[in-house]
Amino acid sequence: MFERLERAMGARLGRPCLYVPSNRFGLFIALCHWMKPGQRLLMSPISADEILFLVLAAGLRPVIAPICPRSGNIDAASVANLRFDGVLTTNMYGLPDDVVALGKICAEQGIPLIEDAAHAMQTTVANIPVGTHGTAGVFSLSKHAGAAPGGMVALASSDDRPALKELRDRWLTPRYRATEIASLVKMIARNAISGTALAQPAWWLAKAWGLQEQREGHRIALRRNALAPRLAKWLSPHLGLTALDPWIRADNHQFRMRQSKLVESYALGRLKALDRQRERRLNGVRRLAELKTVAQAVRNHLDQPLFRVPLLVDDRDRALDALRRHGIITGYIYDPPFDDYAPGLTEPSPAPEQARWWARHVLPVDPLHVDRAWPVVAALSSGIPPEVWTP
Ligand SMILES: Cc1ncc(COP(=O)(O)O)c(C=O)c1O
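Residues 64 to 454, numbered by this note's numbering, are exactly what the sequence shown covers, in order.
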């Protein structure tokens, strides 16, 4: 399945690749392959809702790390006293995790480092792509590239590929042609209108027709009563994707559906478009980095074509409304952090305050839409009190 796309991504990354229908599916099979049910996974409190649920579906215990207030990623300097059997990075908005420090910790302990590179398709650390520093990196084709729903697992060793492929094939669901075409059309339409005057009316229509995932604030409802009986089998290796499917499928109900060559061809085209956008993205990053509200780490990564540029602002939710009126629909806000969102389901962070601040104030801005966003974002004031900064 998808050998051309695997070869194209393999050539970009310099690692053997395995196609999966979404990043979340790839993360799930990677965690099942490299970790055992009951083990503890160090992870960021700030990531997509589905990530928490796929970790639980793999039978793992989420150990929530403190975050670095400059980048919003795991603070590698603060994890020495935590106990864990594997690490999952986030590379939020394309800003890299400290893979050097985390890689060292993992190598010393002989445990896997799984990189979530969903937001970091074009990010490098020491000139090596994010997603190729650890045991495995998992990419999302629907983010940076705006390609069809899809993902890619990049492997440190091709020895792991047959077992991962078997896991993939075990958890895939059958392809429905109409569903596949509908999601492809949705993606093409989204790419065409994003950042234009049509974006806001389309957003309202999708909301009115119930096409958007229902959320309470910025997270999907936890529905603890429905979740609890499914989690009762927490330590069973059989919990799997089916039990938690209603939570894991947030925003992408086809996350584990087999796909056809049609999807592959579209994705290959979008990868080329991604390369053409690189300079525009970099210009947007540099311009947004001039703002006093920009997260500090962005200024250290002006050579990286980030997926989004995180600003930290007062009254973030009002800024979201203002951006929408300018045709910019802002996603990828993960508020509150996992340990506040799902108390009892995680081992909470020993230092949760930075994550709370970050989650409440972060405004991710698409660098490709900097011109349209500028009148709104240039007027925003900084949401971060000085005592929270530890430069
Ligand atoms: C940080 C992060 N990782 C992973 C994902 C999941 O990616 P996919 O939709 O390809 O499963 C998301 C989705 O928004 C995300 O924001």
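C-beta: ideal position from N, C-alpha, C; glycine also.
- Beta bridge pairing from DSSP links I177 with L151 and A199.
- Counting of Cβ neighbours within 10 angstroms places D179 among the buried residues, the total reaching 16 or more.
- A straight-line Cα-Cα distance of about 21 Å links G197 and F370.
- Shortest Cα-Cα distance from Q102 to any of D112, C95 and R124 involves R124.
- In this structure, the alpha-carbon of R240 lies about 20 Å from that of R253.
- By the Cβ-count criterion, V193 is buried, with 16 or more other Cβ atoms from all chains shown falling within 10 Å of its own Cβ.
- Counting along the chain, A405 sits inside no beta strand (DSSP E), nor does DSSP assign it H or E at all.
- When C-alpha distances from R343 are compared across I392, D366, G122 and A265, the shortest belongs to D366.
- A distance below 8 Å between beta-carbons, with the five flanking residues on each side excluded, links A128 to the following residues of its chain, in chain order: L105, M106, S107, P108, I137, D138, S141, V142, L145 and S412.
- Put simply, the segment 419-431 touches the segment 381-396. At least three CB pairs are less than 8 Å apart.
- Annotation for T153 indicates a beta carbon within 7 Å of some heavy atom of ligand 1.
- Sequence-distant Cβ neighbours of S221 in its own chain, meaning closer than 8 Å and more than five residues away, are P79.
- Collapsing the DSSP output to three states places I191 in a strand.
- Taking the CA atoms as reference points, F401 sits about 10 Å from I114.
- Cα atoms of I92 and G213: separation of roughly 14 Å, rounded to the nearest angstrom.
- Taking non-hydrogen atoms of ligand 1 into account, the C-beta of F65 is found less than 7 Å away from none of them.
- A contact is defined here as three or more CB-CB pairs under 8 Å, and the segment 155-164 meets this definition with respect to the segment 181-195.
- The straight-line gap separating the alpha-carbon atoms of A441 and N190 is approximately 32 Å.
- Using a Cβ-Cβ distance cut-off of 8 Å, the segment 281-296 and the segment 195-209 are not in contact, since fewer than three pairs of beta carbons, one from each stretch, lie closer than that value.
- Pairwise C-beta distances place the segment 115-122 out of contact with the segment 256-265, as fewer than three of them are shorter than 8 Å.
- Beta-bridge partners assigned by DSSP to M215: Y82 and F202.
- Here S107 carries a coil assignment [DSSP, helix/strand/coil].
- R321 and K249 have their C-alpha atoms roughly 18 Å apart.
- Comparing alpha carbon positions, the residue from R75, D112 and G77 closest to A422 is D112.
- S445 has V376 as its beta-bridge partners, per DSSP.
- As DSSP reads the structure, M98 sits in no beta bridge.
- With a cutoff of 7 Å, Y395 counts as near ligand 1, since its C-beta is closer than that to a heavy atom of the ligand.
- Here the distance from the Cβ of N86 to the nearest heavy atom of ligand 1 is below 7 Å.
- Counting other Cβ atoms within 10 Å of its Cβ, Q275 stays below 16 and is therefore classed as exposed.
- Closest in C-alpha terms to L117, from the list R133, P100, T393 and I256, comes P100.
- DSSP places P309 in the uninterrupted alpha helix (DSSP H) bounded by G303 to I311.
- DSSP, read as helix, strand or coil, puts M72 in helix.
- Taking 8 Å as the cut-off, the Cβ atoms of N315 and S85 count as close.
- The bridge partners DSSP lists for L426 are L374.
- Counting the other Cβ atoms within 10 Å of the Cβ of P175 gives 16 or more, which makes it buried.
- In terms of Cα proximity to L94, the closest of K270, E66, D148 and R67 is D148.
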